[in-house]
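So the structure is just underneath, and the comments pick up after that.
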Amino acid sequence: MTASLPRAHTSIEVTLVPTRDQFFCTSWANRPGAFQNKMRRSDELPGGRTYVEKNSHETAGPSETSHNKSPLLSDPWKPCRRPRAFVKECLLRLRFCLGTVCSMEWYGYAALGILTAVLSFLMDFGVSKLLRAHQWLYMKLEGNILLQFLCWTLYPACLCAFASSFSHSVCPFSTGSGIPEVRAMLAGIEMPHYLSLTNMFTKFVGLICTLAAGSTVFLGKVGPFVHLSTMTGAYLSQLCTLIQPPEEDKAAGEMLVVAAAVGVASCFGAPISGVLFSVEVMCSHFALKHYCPCFFSAACGAVAFRLFSAWSGDEETLQALFKTNFPAALPFYPLEILLFALLGLLCGAASCCYLLCHRWVLRFTKTCPVFIKMLTTQKGLYSGIVVFFFASLTFPHSAGQYMASRYTMKQLLNSLLNSRLWCVQSHNASVPIDPLSEWSPSGISVWSSLAFFLLMKMWMLVLACTLPLPAGYFMPVFVWGAALGRLLGEGAAYVLKFAGGTSGQQWTSINPGGYALAGAAAFSGAVTHTISPAILAIELTGQFTYAVPILIATLLANGLARSGNRPSFYDALSISKRLPHLPSLVKASPLLPSTPVGHVLGVKSVQLQKADGPAEVQQAVNCSTEIQIPVVDSHESQVLLGFVLRTDLLRLLRHWSAESEEKHLDQICCIHPASVLLSPHSTVQQAYTILSLTEAQMLFVVDGGRLVGLITWPEMKRILEDLAIEI
Numbered sequence: 090m091t092a093s094l095p096r097a098h099t100s101i102e103v104t105l106v107p108t109r110d111q112f113f114c115t116s117w118a119n120r121p122g123a124f125q126n127k128m129r130r131s132d133e134l135p136g137g138r139t140y141v142e143k144n145s146h147e148t149a150g151p152s153e154t155s156h157n158k159s160p161l162l163s164d165p166w167k168p169c170r171r172p173r174a175f176v177k178e179c180l181l182r183l184r185f186c187l188g189t190v191c192s193m194e195w196y197g198y199a200a201l202g203i204l205t206a207v208l209s210f211l212m213d214f215g216v217s218k219l220l221r222a223h224q225w226l227y228m229k230l231e232g233n234i235l236l237q238f239l240c241w242t243l244y245p246a247c248l249c250a251f252a253s254s255f256s257h258s259v260c261p262f263s264t265g266s267g268i269p270e271v272r273a274m275l276a277g278i279e280m281p282h283y284l285s286l287t288n289m290f291t292k293f294v295g296l297i298c299t300l301a302a303g304s305t306v307f308l309g310k311v312g313p314f315v316h317l318s319t320m321t322g323a324y325l326s327q328l329c330t331l332i333q334p335p336e337e338d339k340a341a342g343e344m345l346v347v348a349a350a351v352g353v354a355s356c357f358g359a360p361i362s363g364v365l366f367s368v369e370v371m372c373s374h375f376a377l378k379h380y381c382p383c384f385f386s387a388a389c390g391a392v393a394f395r396l397f398s399a400w401s402g403d404e405e406t407l408q409a410l411f412k413t414n415f416p417a418a419l420p421f422y423p424l425e426i427l428l429f430a431l432l433g434l435l436c437g438a439a440s441c442c443y444l445l446c447h448r449w450v451l452r453f454t455k456t457c458p459v460f461i462k463m464l465t466t467q468k469g470l471y472s473g474i475v476v477f478f479f480a481s482l483t484f485p486h487s488a489g490q491y492m493a494s495r496y497t498m499k500q501l502l503n504s505l506l507n508s509r510l511w512c513v514q515s516h517n518a519s520v521p522i523d524p525l526s527e528w529s530p531s532g533i534s535v536w537s538s539l540a541f542f543l544l545m546k547m548w549m550l551v552l553a554c555t556l557p558l559p560a561g562y563f564m565p566v567f568v569w570g571a572a573l574g575r576l577l578g579e580g581a582a583y584v585l586k587f588a589g590g591t592s593g594q595q596w597t598s599i600n601p602g603g604y605a606l607a608g609a610a611a612f613s614g615a616v617t618h619t620i621s622p623a624i625l626a627i628e629l630t631g632q633f634t635y636a637v638p639i640l641i642a643t644l645l646a647n648g649l650a651r652s653g654n655r656p657s658f659y660d661a662l663s664i665s666k667r668l669p670h671l672p673s674l675v676k677a678s679p680l681l682p683s684t685p686v687g688h689v690l691g692v693k694s695v696q697l698q699k700a701d702g703p704a705e706v707q708q709a710v711n712c713s714t715e716i717q718i719p720v721v722d723s724h725e726s727q728v729l730l731g732f733v734l735r736t737d738l739l740r741l742l743r744h745w746s747a748e749s750e751e752k753h754l755d756q757i758c759c760i761h762p763a764s765v766l767l768s769p770h771s772t773v774q775q776a777y778t779i780l781s782l783t784e785a786q787m788l789f790v791v792d793g794g795r796l797v798g799l800i801t802w803p804e805m806k807r808i809l810e811d812l813a814i815e816i
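Numbering-wise (our numbering), the sequence shown opens with residue 90 and increments by one.
Shown next, in the form of structure tokens:
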């Protein structure tokens, strides 16, 4: 993905910095908006103590600074000092052994892929057991419709009510998809609560309960699992930082970018589409250096996920997640390309209607007093009532018989991808087809069942998006698009067969499963404004024969869905939650990002003069937590000379305390020139783009050479939050 730097009112100066400290400070990992707190430098002491205090401790005795004595043992406030020291020693030995093969971060990427695959497999295993228990209990009550109704409705309602109450009580940040928050964090916004271990545990348990409710609530796991993978990557990055040599320290945020791709790969065993989905949805500016780590970790996660499925006995060998038997000799006729193009336009139009209803429901829940009260104080009750209502509609002895309600999400997709023509086989009772028995009960036409399924699941999915529980929304729209494609394929085959006479004999080989696959990719891609679902559809089924029609349908659906600068599904969630994510704010109000930087600058930052002494430097260090501190010629002129590093100032204080002669700041400290300068007339979008592309720690705003202010990631977050309030 490419992006161009803004030219207006900006001056860019390329500066080569040979020192390691400045390179580390300008790295992506050291953004205040990064995902973890940076490790303290050895030169900086907690609690604001100066170097004089540190030197007094260092000179207390040689035993306190001995190389052989672990600092964990010397700190009396740390619990379990000896076990912690032993663990650290083992990690150091492991680092030396493994570091001879390759750098440590590659082991972290492999471990990330394997761990996320383990989490995905355990989650699927637990969900399958709960679903089987529900089906077993329902079948045991056969003959008593009342008890079957109570079993069918109360089981998912209780699970979803528990998921909402548990998530709200333990960690309120665990509800929803999680992808909007991950996008904001990858854009540099600091949201530490969304990466906590408590959030990880709560989201894992809540997501299992949501998925165990089955196709009744029609929700998936992709979004929350991407969030879980990101949290796993956050803790692995801390471990890599602990055991990695300082001279090989990499950006901690790179692990989070990789984790976003691994989440999709571990859900479906699809590494290529997982990386592409991460590029399109997660990152507004994706660095090329992340490609190899993303593909490596995603491949590890996909292979591990398929191996666990094979070893558990679910499958005999590694194969596609959804089995299909599409013909390879002549999969489609050339004129069928027009039908696939029509399918893409239909999916694009349907996605516009769905996104419009979704945005309206989100606004309604924010303004209706009843919904506001329920979603703030009675989340468990609200989820239970809504899911009970859904379950009542999908009861197999009522309207559920026309929606294949007995099928799970995976079974629904498998049935829709079936390559046989249902409209032909439904007239021949001697040829039983398992999917047809669910989609066409009691002689009901297939088109009526598919149309009823599409109509009901559309508004049910829109309403399900308001449930305050961990849930994903990608797989439901993928299945919905498959049903739309199946309906078009069945209708085209029926019309061309019976209306074309003898010339329509060749159309008997139309494969409605191919249309279902193209519809799934096109509709899900249009809803999320991505192209990666086309690759995902190919990886899920292993069918490359329909690659061109799927891509055509997905592109046309995306073109229609993106027209008019409409926000995607995840953009709508970011706007509703007022997240400081600039690409989403652009979709909500295109004029907001064009606000000049000079109008939104905050309090002027701490600065130094070139002639300052130790007292002024000590005061600046105590008052500012920034890694870079600007240096001006004088407070009267405010002419910017450059910046100094906080670590350099801390070393300077130690040397000043040892020397009797005091010198000025510019005489003994290196003042680094600012590589990028902004004008007060530069827009917020230009500042955001430069921060993202240059991976800078901060940007200085100057007017005629005079320092006006500076833009850091915390300052950018404040600006975006203020702009989000105006929506």
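Ideal placement from N, C-alpha and C gives every residue a C-beta, glycine not left out.
Assuming residue i is part of the beta strand (DSSP E), what are its boundary residues?
i	result
Gln717	717-721
Thr205	Element bounds for Thr205: not the beta strand (DSSP E) but the alpha helix (DSSP H), 193-229.
Leu729	729-734
Gly798	795-801
Leu86	The requested residue 86 is not part of the displayed model; the chain covers only 90 to 816.
Val695	First-last for Val695: undefined, no H or E at that position.
Leu649	Looking at the DSSP string, Leu649 is not in any beta strand (DSSP E); the run it does join, the alpha helix (DSSP H), is 636-651.
Phe789	787-792
Using 10 angstroms around the beta-carbon of residue i, count the other beta-carbons present and answer buried if the total reaches 16, otherwise exposed.
i	result
Glu178	exposed
Gln708	exposed
Phe375	buried
Cys191	exposed
Thr465	exposed
Ala646	buried
Asn654	exposed
Met228	exposed
Cys114	In this prediction, Cys114 has a pLDDT of 35, which is less than 50 and means its spatial position is unreliable; what the coordinates show is noted afterwards. So Cys114 ends up on the buried side.
In this structure, does DSSP put residue i in helix, strand or coil?
i	result
Gly295	helix
Pro559	strand
Phe238	helix
Arg120	Note that Arg120 has pLDDT 41, beneath the 50 cutoff, so the model's placement of it is unreliable and no number is given.
Val566	helix
Gly309	strand
Asp811	helix
His257	helix
Val551	helix
Asp737	helix
Gly687	helix
His761	strand
Thr321	helix
Leu671	helix
Thr617	helix
Does the Cβ-Cβ distance between residue i and residue j come in under 8 Å?
i	j	result
Pro420	Asn600	yes
Ala581	Leu435	no
Phe542	Met498	no
Ala488	Ala246	no
Val568	Ala610	no
Pro530	Gln490	yes
Leu788	Leu809	no
Trp528	Glu579	no
His618	Arg651	yes
Glu194	Cys329	yes
Tell me where the alpha helix (DSSP H) around residue i begins and ends.
i	result
Asp660	658-665
Met492	Unbroken run through Met492: none, as it is neither H nor E.
Are the C-beta atoms of residue i and some chain B residue less than 8 Å apart?
i	result
Leu577	As a matter of chain content, chain B is missing from the structure shown, which is built from one protein chain.
At least 3 beta-carbon pairs within less than 8 Å: the stretch 205-225 vs the stretch 344-361: yes
Taking contact to mean 3 or more Cβ pairs, one atom from each stretch, closer than 8 Å, check whether the stretch 691-700 and the stretch 720-737 are in contact. yes
Three or more C-beta pairs below 8 Å linking the stretch 547-555 and the stretch 625-641: no
Is it true that the stretch 283-293 meets the stretch 250-268, where meeting means three or more beta-carbon pairs spaced less than 8 Å apart? yes
Would you check if the stretch 550-567 and the stretch 262-273 touch, i.e. whether three or more CB-CB distances between them fall below 8 Å? yes
Three CB pairs or more closer than 8 Å across the stretch 383-398 and the stretch 357-370: yes
For the stretch 268-281 and the stretch 362-371, state whether three or more C-beta atom pairs, one from each stretch, are separated by less than 8 Å. yes
Do the stretch 757-773 and the stretch 788-798 make contact, defined as three or more Cβ pairs closer than 8 Å? yes
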